[in-house]
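Q: Going line by line, the protein sequences match chains H and G. Just so you know, the first sequence maps onto residues 39 to 373 in this note's numbering. Just so you know, the second sequence maps onto residues 18 to 241 in this note's numbering.
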Amino acid sequence: MIEFHNVHKTYRVADREIPALHPTSLQIEAGQVFGLIGHSGAGKSTMLRLINRLEAPSGGKILVDGVDVTALDADGLRGFRRQVGMIFQHFNLLSSKTVADNVAMPLTLAGDMSRAQIDQRVAELLARVGLSDHAKKYPAQLSGGQKQRVGIARALATKPKILLCDEATSALDPQTTASVLQLLAEINRELKLTIVLITHEMDVIRRVCDQVAVMDAGVIVEQGAVADVFLHPKHPTTRRFVQEDEQVDENEQNSDFAHVQGRIVRLTFQGEATYAPLLGTVARETGVDYSILAGRIDRIKDTPYGQLTLAITGGDMEAAFARFTAADVHMEILR
Amino acid sequence: METLATLFSNVDWYEIWVATGDTLIMLGISLAFTVLLGLPLGVLMFLTSPRQLLENKPVYATIGLIVNMLRALPFIILLIVMMPLTEIITGTSLGILGTLPPLIAGATPFFARLVETALREVDRGIIEAIQAMGATTRQIVVKALLPEARPGILAAITVTAIALVSFTAMAGAVGAGGLGDLAIRYGYQRFQNDVMFVTVVLLLVLVQILQTVGDRLVAHFSHR
């Protein structure tokens with residue numbers, strides 16, 4: 039478990055104090071995929087680097103499995119960092135070393151394995167990320183997605199308990215992003231690794247994260263289970279991220295609906311409810327008519343969800359609303 | 018054959034042979050010491066510079082000042098100014114032995130600056146990645162910085178070697194021996210243009226070989 043207790047960070051630039059992170063407390067449970075989302079300058083990168091102390095906090099305490107990271111001496115810090123893997127937006131592989139030597143690097147630095155043991159571990163890791171055939175190549179000969187796979191293999195070399203992902207898919211195209219995220223989800227599941235990732239794309243959060251914290255100007259403005267935050271965003275920053283992901287402009291949509299008759303409601307289904315034939319049943323029983331104005335059926339990590347915006351006319355509207363509310367569905371009356 | 022012999026009537030080929038050997042010896046020894054001293058100095062300058070691992074303003078400023086002073090001094094002046102010190106170090110300020118200290122003192126700061134610049138070219142993200150693996154500063158330098166900067170450092174050695182060739186030629190002016198010495202004594206002072214021509218051609222060939230070998234090595238170690 040990773041705990042932030044009143045952690046804050048201020049940078050001094052040319053005799054001016056610039057706060058990057060206001061006092062923040064946070065808990066990240068072991069085994070979770072925890073996402074931090076925010077625009078650039080929101081403080082998410084600082085938060086991530088505080089965990090393995092690439093940045094030292096200006097105040098507060100950070101505990102990892104009960105160990106106070108902020109109090110470690112140089113030796114202790116080096117030992118601790120070996121239990122925390124990290125991958126980067128621009129991969130940060132050594133261009134002068136082969137793929138195999140890059141992956142071997144953390145093991146060579148630790149210096150507690152024989153050459154044969156290292157070779158065997160590297161072969162395992164490359165097989166896991168699907169790059170066994172590329173061991174002798176140099177990073178410059180690989181595609182972006184392959185480079186990130188090397189980065190992941192390298193980060194896993196010392197069998198860490200935590201993996202930090204710094205915008206790991208931001209430099210990749212959508213298809214490659216999907217495959218890298220899938221690999222991360224697999225690793226999380228199979229190795230029971232805690233993953234903390236930062237991103238500015240809600241899509242990344244939706245695909246792999248269990249929990250999410252939304253950051254804005256050095257403050258966590260909203261936090262919770264991804265499904266809750268994603269489907270019922272409260273803070274304006276969160277809403278903007280969700281809309282960016284759905285490519286919806288709220289104002290545009292409202293003006294589109296202006297000429298539509300009847301009441302407008304938004305229904306949100308989650309899990310099994312997504313597959314229940316609710317709309318038809320309610321329409322039949324209460325005599326209302328409905329038309330679907332907008333909708334999306336997708337998955338949040340492994341959970342299916344649906345979100346439909348309906349215009350409802352005629353029949354017993356109150357009874358229909360009561361039926362929706364009683365079912366395992368979240369209803370929001372927009373008009 | 019006869020015309021060739023008359024064309025180079027003043028050229029004593031044995032003397033040319035010896036002078037070439039002297040130049041190569043001066044170059045080899047001074048280059049070895051320059052790299053040996055300049056590499057750690059360059060690494061130290063890089064590490065103590067602002068925003069780097071061992072950031073230390075006083076150390077960086079002091080080394081920088083000394084390096085700049087030595088680089089600002091024309092080599093011919095350095096040769097003369099250093100004479101007393103040279104005598105203390107090598108016991109003589111003449112001959113090959115007498116030129117080595119000024120050669121090394123002239124080339125080391127130059128090389129160290131080039132090393133510092135080559136290290137600065139290494140992506141900061143790579144240093145961060147190695148740090149995140151729990152590397153010591155020493156490991157960061159040996160396992161990441163130097164291998165990543167190797168093409169740049171090889172280019173710096175090439176440039177320095179060529180600068181040293183011209184330094185050795187200048188050292189001829191104070192009786193160091195070597196091709197520069199021949200060019201000055203025969204070519205310049207006795208107007209023997211044929212000797213001048215032969216020495217200049219040999220120096221050119223030497224520079225050309227150094228540059229070619231250097232470029233090949235840079236290309237070999239470059240995987241970007």
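No residue lacks a Cβ here, since even glycine has one placed at the ideal position from N, Cα and C. Since the model is a prediction, treat every value here as computed from it, not as a measurement.
For H:Ile-243 versus H:Val-264, is the C-beta spacing smaller than 7 Å?
A: In this structure, H:Val-264 lies closer than 7 Å to H:Ile-243 by Cβ.
Q: Using a Cβ cut-off of 7 Å, pull out every chain G residue sitting near H:Phe-126, in sequence order please.
A: Per Cβ cutoff of 7 Å: Gly-142 and Ala-146.
Q: Where does the unbroken alpha helix (DSSP H) through G:Phe-184 begin, and where does it stop?
A: 163-188 is the span of the alpha helix (DSSP H), which, as asked, contains G:Phe-184.
Q: Taking C-beta pairs closer than 8 Å, name the residues in chain G that H:Ala-173 reaches, listed in chain order.
A: Ordered by position in chain G, no residue passes the 8 Å Cβ test against H:Ala-173, which lies about 15 Å from the chain.
Q: Once you ignore the five residues that flank H:Gln-345 on each side, which residues in its own chain have a CB closer than 6 Å to its CB?
A: Counting only Cβ-Cβ distances below 6 Å, and skipping sequence neighbours, we find Thr-306 and Arg-334.
Q: Tell whether a beta-carbon distance below 7 Å holds between H:Cys-247 and H:Val-71.
A: Going by C-beta atoms, H:Cys-247 is nearer than 7 Å to H:Val-71.
Q: Buried or exposed: where does G:Ser-26 fall if 16 or more other Cβ atoms within 10 Å of its Cβ makes it buried?
A: Flag for G:Ser-26 reads exposed.
Q: What are the residues in the region 338-351 of chain H lying within 7 Å of chain G by C-beta distance?
A: So nothing in the stretch comes that close.
Q: Give a yes or no on whether the C-beta atoms belonging to G:Gly-195 and G:Thr-185 are separated by under 7 Å.
A: For G:Gly-195 and G:Thr-185, yes; Cβs fall inside 7 Å.
Q: Between the alpha carbons of H:Ile-236 and H:Asp-103, how many angstroms are there, rounded?
A: Roughly 21 Å between the two C-alpha positions.
Q: Grouping DSSP H, G and I as helix and E and B as strand, with all else coil, what is H:Asn-44?
A: Three-state result, H:Asn-44: strand.
Q: So that I know if they touch, is there some Cβ in chain H lying closer than 7 Å to that of G:His-237?
A: Judged by the 7 Å Cβ criterion, G:His-237 is not in contact with chain H.
Q: If we ignore side chains and look at the alpha-carbon of each, how far apart do H:Asn-292 and H:Asp-366 end up?
A: Approximately 26 Å, taken between the alpha carbons.
Q: Check each candidate in H:Asp-106, H:Ile-66, H:Gly-353 and H:Tyr-176 and name the one with the smallest Cα separation from G:His-240.
A: Selected option, being the one with the closest Cα: H:Tyr-176.
Q: To which residues of the same chain is G:Ile-226 closer than 7 Å at the C-beta, ignoring the five residues directly before and after it?
A: Nothing listed; no residue qualifies.
Q: Out of G:Asp-140, G:Thr-103, G:Gly-115 and G:Leu-96, which one is the CA nearest neighbour of H:Leu-374?
A: Absent from the model: residue 374 of chain H. The displayed extent of chain H is 39 to 373, so no value can be given.
Q: State yes or no: is the beta carbon of H:Arg-119 nearer than 7 Å to at least one beta carbon in chain G?
A: Judged by the 7 Å Cβ criterion, H:Arg-119 is in contact with chain G.
Q: Output yes if chain G places a C-beta closer than 7 Å to the C-beta of H:Ser-152; else output no.
A: No, its Cβ sits nowhere closer than 7 Å to a Cβ of chain G.
Q: Using a threshold of 6 Å, is the CB atom of H:Ala-109 nearer than that to any non-hydrogen atom of the ligand FAD?
A: As presented, the structure is devoid of all ligands, the ligand FAD included, so that no description of it is given.
Q: Shorter than 7 Å from the beta carbon of G:Gln-156 to some beta carbon of chain H?
A: Chain H contact via Cβ: present.
Q: For a cutoff of 7 Å on Cβ pairs, would you count H:Pro-144 as touching chain G?
A: Yes, its Cβ sits closer than 7 Å to a Cβ of chain G.
Q: State yes or no: is the beta carbon of H:Tyr-176 nearer than 7 Å to at least one beta carbon in chain G?
A: Chain G, which has a Cβ nearer than 7 Å to the Cβ of H:Tyr-176, makes this yes.
Q: Please look up how many angstroms separate the CB atoms of G:Met-187 and G:Ile-93, rounded, as I've assumed it's under 8 Å.
A: The Cβ separation is near 6 Å, so the contact holds.
Q: Could you give the distance in angstroms between the alpha-carbon of H:Ala-350 and the alpha-carbon of H:Val-326?
A: Note that residue 350 of chain H corresponds to Ile in the displayed sequence, not to Ala. Each residue's Cα considered, the two are about 7 Å apart.
Q: Check the Cβ of H:Arg-334 against every Cβ in chain G and list those closer than 7 Å, keeping chain order.
A: Per Cβ cutoff of 7 Å: no residues; H:Arg-334 is ~37 Å from chain G at best.
Q: Does any C-beta atom of chain G lie closer than 7 Å to the C-beta of H:Leu-222?
A: No, its Cβ sits nowhere closer than 7 Å to a Cβ of chain G.
Q: Anyone know if the C-beta pair for H:Val-122 and H:Asn-90 falls short of 7 Å?
A: Yes, these two residues count as a Cβ contact at 7 Å.
Q: The beta strand (DSSP E) with H:Ala-178 in it runs from where to where?
A: Neither: H:Ala-178 is in no beta strand (DSSP E) and is coded neither H nor E.
Q: Closer than 7 Å between beta carbons: that is the criterion. Which residues of the region 160-178 of chain G meet it against chain H?
A: For the region 160-178 of chain G, which is checked against every Cβ of chain H, the residues closer than 7 Å are Lys-160, Ala-161, Pro-164, Glu-165 and Arg-167.
Q: Are any of the Cβ atoms in chain G nearer than 7 Å to that of H:Tyr-140?
A: Tyr is not the amino acid found at residue 140 of chain H; the sequence shown has Asn there. Chain G contact via Cβ: absent.
Q: For the beta strand (DSSP E) holding H:Phe-307, just list the boundary residues, first then last.
A: 301-308 is the extent of the beta strand (DSSP E) around H:Phe-307.
Q: Mind pulling the chain H residues with CB within less than 8 Å of G:Arg-241?
A: Neighbours of G:Arg-241 on chain H, chain order: Ser-133 and Ala-178.
Q: Thinking H:Gly-98 and H:Phe-42 are a contact (beta carbons under 8 Å), I'd like their distance in whole angstroms, please.
A: The pair is a contact, with the Cβ atoms about 7 Å apart (cut-off 8 Å).
Q: Could you tell me which whole alpha helix (DSSP H) segments of length 4 or greater appear in the region 153-236 of chain H?
A: For the region 153-236 of chain H, whole alpha helix (DSSP H) runs of length 4 or above, ordered along the chain, are 153-166, 182-194 and 212-229.
Q: Would H:Asn-90 pass as an interface residue toward chain G - the criterion being a Cβ-Cβ separation below 7 Å?
A: Yes, H:Asn-90 counts as interfacial toward chain G.
Q: Helix, strand or coil for G:Ala-152 per DSSP?
A: Looking at G:Ala-152 - three-state DSSP - the assignment turns out to be coil, as it is neither helix nor strand.
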